[in-house]
Every structure is written in structure tokens, then in C-alpha cells.
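Visitor: Add 622 to a position in the sequence shown, counting from 1, and you land on the number used in our numbering. Even for Gly, the Cβ is constructed at its ideal location relative to N, Cα and C. Pasting a structure below so you can have a look.
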Amino acid sequence: MTLLPAFLRETLAQRVAIPFLPPGRQLNSGPYRACLARTKEERQAAFRLRFRVFNLELNEGLALAYETGEDTDEFDRFCDHLLVHDDRTGEVVGTYRLQTGLAAERRIGYYSEREFDFSPYRVLRDELVELGRACIHPDHRRYEVLMLLWKAIAWYARDHRARYLIGCSSLTSQDPREGSAIYHRLKPMLVQEPLRTVPTQAFAFDLVPKDEQVEVRPPKLLRTYLALGAAICGPPAIDREFRTIDFLTLMDLNNLSPAIRSRLLD
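Laid out in C-alpha cells, this is it:
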């Protein structure tokens, strides 16, 4: 079910706390460089990349984005935007949107909170980072870029003394049969009971019985998160505006194996 190399498939049973790392270090891998967006122009480059991937390639995303060529919403002005640059061309080739639980509380809340009941995660607020809008340019989808993004996320979490990562993992579909099939397949990977949740009423849909479901693989990014030790938080939500079916996903960074920890933080 995973496409990860062998070292990322090692046992995740041993719990290791990740040491705090000083902020400000630059992350590089070959021609690629990871950093947070600092200017309006850098943020717009991320928005254009998101539009290219979500709207043009995957045929999902917001309809309004076709008017501007940029995927944006009301959360973007309040979030940090992680970028991977190709220093050979200056192009932004990878991005994630990040915000801490403390920032969400001070501002307009979590993006994922529109779709899911977030009451189980209030106790995690001080140690939580929400991830979203992950994408990589199709010409740069290689292990090097993905690992650079993950390293930067791990460092961001430690800079903010966060233990948990949370966010929506999306299936490009509006078919409840597909969402139901993936959920039933992944039920053994549900998070522990106190941290389970359900979609909000506006985003909920009735799960389809097993005999009416269709064969479909979980999204690649979700498979990768699960291989790293993440868990799904409950039944999926359906986002009619973005045209996806979303699985709320939670990762405890203290559950990383020593091998994964060394790859992300050494």
C-alpha cells in the first residue's frame, strides 16, 4: 500500500521525542531550497502552483481560481506558506500551507474545522500544526523534493514546539462509493477513540454499504502519511466546493521511528 523506500517502512513502534532545533536554518537538497514565503510575490507563486495542480491537472479546486489563475481562500493571509524553490530557474516547485493551533485560535480557526468537528483537538491546540494545500509541480515529483518538504515541516513543528500534525488528505472524487470504500479499508488505522471525530453536518455524507462500493486505492499522499505513522480520525467529509472527499489525518511526531527521525531532522 506504500510507495516509500524501505527505511520509511521500518517499525514505528519505538517512540522517540524529536529534539528542538533552532529556527532560521536553510534547508537545501541539490538544486532545491526550502523556506517560508516572505513576500507577496512568493505567496502568489505558491497560489499559481496550486491552481496548476489542483484545477488544471486534477480537475478539482475552487471554481473562482479560474478567474485569477491562483488558488486562494480566506485562510491564506493568516497562514505560513512553505515553498521549495528550484534555484536553477527560481521557480517555486512545491508548497504546503501551515498554521499552528495557537494561530488558528487567534485568527479565523482551522481550515479543516469547516469540515470536521474539532472539539477533540482543543486539548492539543498548543502542540498542533495544521497542514494543507500540499502540491508539487509535475516536473519535479521526486523523492528529493518530497523529503525536503517533510524536513521543513518537521523543523517548523519543532520551532513551534508542536507534537501533532493534522490536516485533510484528499481523494479527487465526489463519489460516496469511493470515499466509503477507502474508509472501510482504512478503519484499522483509525486514531485512538478520544481523538476520533465526524464530519460537520454540511460536509457529511451517508457511507455506502460494502456491497455497493467500488474498488479504489487510497490517495498517494494519504498512503504516505499512514506509512509514516499517521492515523485517520473518522469517516470522510465531502467538499462540494473543492470537489474532493477528505480524510482528516493526524500524526504524532513522537511516534516516529529513529530511522525516520534521522532522515527528517539530522
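Going residue by residue through the segment 688 to 756, where are the continuous alpha helix (DSSP H) segments of at least 4 residues, counting only ones entirely within it?
Guide: Here the runs fully enclosed are 723 to 728.
Visitor: Helix, strand or coil: how does DSSP classify T890 here?
Guide: Within the shown structure, residues of the chain are numbered from 623 to 888, placing residue 890 beyond reach of any answer.
Visitor: Quick check: V675 and L770, are their CB atoms within less than 8 Å of each other?
Guide: no
Visitor: Under 8 Å: do the segment 732 to 739 and the segment 866 to 873 share three or more Cβ pairs, one atom per stretch?
Guide: yes
Visitor: Quick check: the Cα distance between L750 and A725, rounded to an integer number of angstroms?
Guide: Looking at the two C-alpha atoms, the distance is approximately 10 Å.
Visitor: Can you tell me which of K773, L678, R862 puts its alpha carbon nearest to the alpha carbon of Q823?
Guide: R862
Visitor: Which partner residues does M873 have in the DSSP bridge list?
Guide: L787
Visitor: Could you tell me which of D797, A659, R818, P841 sits nearest to Q835, measuring between CA atoms?
Guide: D797
Visitor: So who's on the other strand from D868, going by DSSP bridges?
Guide: The bridge partners DSSP lists for D868 are S792, A859.
Visitor: DSSP on N681, reduced to helix/strand/coil?
Guide: coil
Visitor: Suppose contacts are defined by Cβ-Cβ distances below 8 Å. Is R710 in contact with P653 by that definition?
Guide: yes
Visitor: Going by C-alpha distance, which of R719, H782, F700, C757 is nearest R729?
Guide: Of the candidates R719, H782, F700, C757, the one whose C-alpha sits nearest the C-alpha of R729 is F700.
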